[in-house]
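Some notes on the structure that comes next.
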Amino acid sequence: MKILSIAGVRPNFVKVAPLHRAFLAHPSIESKIIHTGQHHDAVMSDVFFDQFHLPQPDYYLNVPPGSASLQTADIIQKFDRVIQAEQPDWVVVVGDVTSTLACALGAAQNGVRVAHVEAGLRSGDRQMPEERNRIVTDALADLLFATDHTSCDNLRREGIPANRIYLVGNVMIDSLVQYRAKANALTTVERLGLIKKDYVLLTMHRPFNVDTEAGLCRLLRVVNNTATLRPVVFPVHPRTRTNLIRFGLFDALATSPNVHLLEPLGYLEFINLMENAALVITDSGGVQEETTYLHVPCLTFRPSTERPITLDYGTNQLVADLSPDTAGQMAEKILAGQINPGKIPPLWDGQTAERIASIISQFP
Ligand code: UDP
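If you read the sequence shown in my numbering, its first letter stands for residue 795, the second for the next number, and so on.
Here you go:
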């Protein structure tokens, strides 16, 4: 059977890498990778192909930058030609981005079955584009692979038949398990002049935090409050950088004392910094899961999370009021040693991609 796996943005590469490897290793599966080009540059895309030893994508759709609807339309059109040429048995989509939804819809319109990896995550906040993408993708999917029991409950509640839903664990953790030792062997912390467990790692890129001047001013206050406690390392996402420059705030941030602004990092360098951080402050989806796996305290600067398992089991806490003062107070407690090491959720064991390959191969 032939499977096309879709990747478009940074976190997709982290998830598609173990899937592609597990598909290749399966005797009855032919696996191809489609890169939509949503993230296309060296730091957001190429470095992941290099570090994960992924082959060049079989198809590169080269979607131009633009609004979600324009990108969706462009991807659907180009992916249609790929489907005609390849006649796949399955299209596998991961996560919750524009490429996920566009390719799920493109496949379904062509009568090709869709498997969604990370199905059933829900924040309950339809203002977020990711939440809309998740709901529609899950409604279109023939097989739904969930990371945790809450996601399975969400899907059943939405009327998805139980025989399509599989609790398999977390493919993002597959990559972490595989590359953790290699990341740990790097000297990223030392090269930045930092001390292990004595700095805070920060990432922000969600539109509600970085697309408006008010959001960015709030972010600056979070960074500056935290920097009074410990050095802050902040690899800046391209979206965040563009908007900081647009609103004339970049220089203020770049000259803040005790703040290390960096380009987005390669996966191995980032994991090295994450594992050795005293605290991570983020609005990322994947980082909430990775910190839970690594038992590193995490403050998620968002009103809600689609990954409540990281709150219930893991090290994650929400700064739900989006107040820099609240974030500062919570950070202070954690840095003073009030830490809950948390537990790793069931099946987050590095074997999820193999489970998915084995299940999907039963539906030739
Ligand atoms: N990541 C990385 N370099 C960075 C920041 C993040 O390799 O500078 C990794 C991180 O370890 C995780 C993934 O990128 O595997 C998360 O991506 P992102 O936060 O962009 O997306 P989200 O998970 O929020 O969809």
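Backbone N, C-alpha and C define an ideal beta-carbon position, used for all residues, glycine too.
Query - Member of S945, F1002, V965 and P1025 whose CA lies at the smallest distance from the CA of I1103 - result: Taking the first residue of the sequence shown as position 1, residue 1103 is located at position 309. When only C-alpha atoms are compared, the closest one is S945.
Query - Beta-carbon proximity check, L818 vs V911, cutoff 8 Å - result: Locating residue 818 in the sequence shown gives position 24, where the first residue counts as 1. Locating residue 911 in the sequence shown gives position 117, where the first residue counts as 1. Their beta carbons are not under 8 Å apart, which means L818 does not touch V911 by this criterion.
Requested in this report: Note down the Cα distance separating P1091 from Q845, rounded to an integer number of angstroms.
Outcome: As a working mapping, residue 1091 is identified with position 297 in the sequence shown. As a working mapping, residue 845 is identified with position 51 in the sequence shown. Straight-line Cα distance between these residues: approximately 26 Å.
**Report entry** Range of the contiguous alpha helix (DSSP H) that encloses E1083
**Finding:** Numbered from its first residue, the sequence shown carries residue 1083 at position 289. That run of the alpha helix (DSSP H) goes G1079 to L1088.
Query raised in the report: Should G802 go down as buried or exposed, given a rule of 16 or more other Cβ atoms within 10 Å for buried?
Result: Position 8 of the sequence shown, counted from the start, is the residue given in the question as residue 802. G802 is buried by the Cβ-count criterion.
Query raised in the report: Helix or strand or just coil, what does DSSP make of H1054?
Result: Residue 1054 sits at position 260 when you count from the first residue of the sequence shown. Three-state result, H1054: strand.
Query raised in the report: For the putative contact between L1047 and L1014, defined by C-beta atoms under 8 Å, what is the C-beta separation to the nearest angstrom?
Result: If you number the sequence shown from 1, residue 1047 lands on position 253. If you number the sequence shown from 1, residue 1014 lands on position 220. The Cβ separation is near 6 Å, so the contact holds.
Query - Completely contained alpha helix (DSSP H) runs for the region 932-971, where each covers 4 or more residues - result: 943-951
Report task. Can you grab the Cα-Cα spacing for the pair L937 / Q903, in whole Å? Result -> Numbered from its first residue, the sequence shown carries residue 937 at position 143. Numbered from its first residue, the sequence shown carries residue 903 at position 109. About 16 Å.
Query raised in the report: Can you pull the DSSP bridge partners for T1094?
Result: Residue 1094 sits at position 300 when you count from the first residue of the sequence shown. T1094 pairs with T1076 and L1112.
Query raised in the report: What is the rounded straight-line gap between the Cα of D790 and the Cα of P1058?
Result: Outside the displayed span of the chain (795 to 1158) sits residue 790, for which this structure offers no information.
Query - Sequence ranges, alpha helix (DSSP H) only - wholly within the region 841-907, length at least 4 - result: 841-845, 862-880 and 892-903
Requested in this report: Buried or exposed for T866, please, with buried defined as at least 16 other CB atoms from any protein chain shown within 10 angstroms of its CB.
Outcome: As a first step, residue 866 is located in the sequence shown; it is residue number 72 there, counting from the start. Per the 10 Å Cβ criterion, buried.
Query raised in the report: Where T931 and R907 are concerned, what is the direct C-alpha to C-alpha distance, given to the nearest angstrom?
Result: Along the sequence shown, one-based indexing puts residue 931 at 137. Along the sequence shown, one-based indexing puts residue 907 at 113. Roughly 12 Å between the two C-alpha positions.
Query raised in the report: Are at least three pairs of beta-carbons, each pair with one atom in the region 1114-1130 and one in the region 1092-1100, less than 8 Å apart?
Result: yes
Query raised in the report: Rounded to a whole number of angstroms, what is the C-alpha to C-alpha distance between V983 and A1072?
Result: The residue given as residue 983 occupies position 189 in the sequence shown. The residue given as residue 1072 occupies position 278 in the sequence shown. Between V983 and A1072, the C-alpha separation is close to 12 Å.
**Report entry** Straight-line Cα distance separating G1144 from L970
**Finding:** Taking the first residue of the sequence shown as 1, we reach residue 970 at position 176. Taking the first residue of the sequence shown as 1, we reach residue 1144 at position 350. Each residue's Cα considered, the two are about 8 Å apart.
Requested in this report: Note down the Cα distance separating M998 from M795, rounded to an integer number of angstroms.
Outcome: Within the sequence shown, the letter at position 204 stands for residue 998. Within the sequence shown, the letter at position 1 stands for residue 795. Cα-Cα distance, rounded: 39 Å.
Report task. For G914, I'd like the list of residues in its chain whose CB is within less than 7 Å of its CB, leaving aside the five on either flank, ordered along the chain. Result -> By 1-based counting over the sequence shown, the position of residue 914 is 120. Closer than 7 Å at the Cβ level, and outside the excluded window around G914, lie D932, L938, A940, S945, C946, N948 and L949.
Report task. Use the C-beta contact count for E1083: other C-beta atoms within 10 angstroms, 16 or more gives buried, fewer gives exposed. Result -> On the sequence shown, residue 1083 is found 289 positions in, with the first residue counted as 1. Buried, by the Cβ-count rule.
Query - Helix, strand or coil at E912 according to DSSP, with G and I counted as helix - result: Position 118 of the sequence shown, counted from the start, is the residue given in the question as residue 912. E912: coil per DSSP, three-state reduction.
Query - V885 versus R815 - alpha carbon distance - result: Sequence index remark: in the sequence shown, residue 885 carries index 91 (1-based). Sequence index remark: in the sequence shown, residue 815 carries index 21 (1-based). V885 and R815: Cα-Cα distance of roughly 16 Å.
Report task. Evaluate G1136 with the Cβ neighbour count: other Cβ atoms within 10 Å of its Cβ, from every protein chain shown; 16 or more gives buried, anything less gives exposed. Result -> Here residue 1136 corresponds to residue number 342 of the sequence shown, with the count starting at 1. Burial call: buried.
Query raised in the report: Measuring from the CB of E1084, is there a heavy atom of ligand 1 at a distance below 7 Å?
Result: As a position in the sequence shown, residue 1084 is number 290, starting the count at 1. Result yes, Cβ under 7 Å from ligand 1.
Report task. Under 6 Å Cβ to Cβ from G1080, same chain only, skipping five residues before and after it: list those, please. Result -> Taking the first residue of the sequence shown as position 1, residue 1080 is located at position 286. Closer than 6 Å at Cβ, skipping near neighbours: P805 and M966.
Requested in this report: Tell me whether S1050 counts as near ligand 1, meaning its Cβ is closer than 7 Å to at least one heavy atom of that ligand.
Outcome: In the sequence shown, residue 1050 corresponds to position 256, counting from 1. Result no, Cβ not under 7 Å from ligand 1.
Query raised in the report: Where DSSP assigns a beta bridge to F1028, which residues make up the other side?
Result: Mapped onto the sequence shown, residue 1028 falls at position 234. DSSP output for F1028 lists L1055 as bridge partner(s).
Requested in this report: Compare the Cα-Cα distances from V808 to each of I823, Q832 and F843 and report the closest residue.
Outcome: The count along the sequence shown starts at 1 and reaches residue 808 at position 14. For the residues I823, Q832 and F843, the minimum Cα distance to V808 belongs to F843.
Report task. Put A801 into one of helix, strand or coil per three-state DSSP. Result -> Residue 801 sits at position 7 when you count from the first residue of the sequence shown. DSSP places A801 in strand when its eight states are reduced to three.
Requested in this report: Have a look at G900 and G918 and give me their C-alpha separation to the nearest angstrom.
Outcome: By 1-based counting over the sequence shown, the position of residue 900 is 106. By 1-based counting over the sequence shown, the position of residue 918 is 124. The straight-line gap from Cα to Cα measures roughly 25 Å.
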